[in-house]
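Here the sequence shown is numbered in full-length UniProt numbering, starting from 1 and rising by one per residue.
Cβ coordinates follow ideal geometry from the N, Cα and C atoms, glycine included.
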Amino acid sequence: MLVLVLLIFPLFQGGGAPTSQLVPVTHEVPYQSVTESERIYHEDRARTIRGVIQDQETVKLKDDAQFARLQLKTPDDRVIPVHLGPSWFMEENRHVMELDVGREIEVQGSFETIAGQSVFVAARLYNDRREEGMRLRRDDGMPAWVGGEYLP
């Protein structure tokens, strides 16, 4: 059973002051802890998908950390959950790239199955003109939020 809780969460939008909005946090845990996050991305299966952001979500992990996730609608009308990174990291770096609902983006990453759920684990994000970009993971899967590296 999936239970949703609403909380005030500053959205990870580009520029300006954070916008607070009610965002669902699931109590169903589809991911492991933040410290195990590098194990869920596989560069050898990397590919690129493109679509329009339909929704922004926050997913609660086993260690109670909160991860940002997008619902991306592809040109063939599939809606794909895209696993980004910790909510705090996405909020701190919202100036790097706008991830507003309705925005078209390109995502490099790999499809993975986590706790029986298919998700696309993002390694790099680009806007529709590839003018803005954000790196979330190195090729070896190591997350950008580990070690405080420069993002773009």
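Spatial distance of residue i from residue j (CA atoms)
i, j, result
"D77", "R69", "18 Å"
"Y41", "V121", "6 Å"
"W145", "E91", "12 Å"
"D139", "E43", "6 Å"
"G14", "F67", "The predicted model places G14 with a pLDDT of 45, which falls under 50 and marks its position as unreliable; any figure quoted below should be read in that light. In a straight line, the C-alpha of G14 is about 18 Å away from that of F67."
"E106", "K73", "11 Å"
"Q56", "R103", "11 Å"
"L99", "Q71", "11 Å"
"T113", "H83", "11 Å"
"E132", "D63", "32 Å"
"R94", "L136", "12 Å"
"G85", "L125", "12 Å"
"residue 190", "F89", "Not covered by the structure: residue 190. The range shown for the chain is 1 to 152."
"K60", "N127", "26 Å"
Residue j beta carbon less than 8 Å from that of residue i
i, j, result
"M97", "M134", "yes"
"I53", "V119", "no"
"T48", "S87", "no"
"A46", "A123", "yes"
"G51", "P81", "no"
Residue range of the beta strand (DSSP E) that includes residue i
i, result
"M134", "133-135"
"E104", "104-114"
Where residue i falls, given that 16 or more other Cβ within 10 Å makes a residue buried
i, result
"Q108", "buried"
"Q117", "exposed"
"R129", "exposed"
- What runs of the beta strand (DSSP E), each 3 residues or longer, lie entirely inside the UniProt domain "Magnetosome protein MamS/MamX" (47-126)? 47-60, 66-73, 79-86, 104-114
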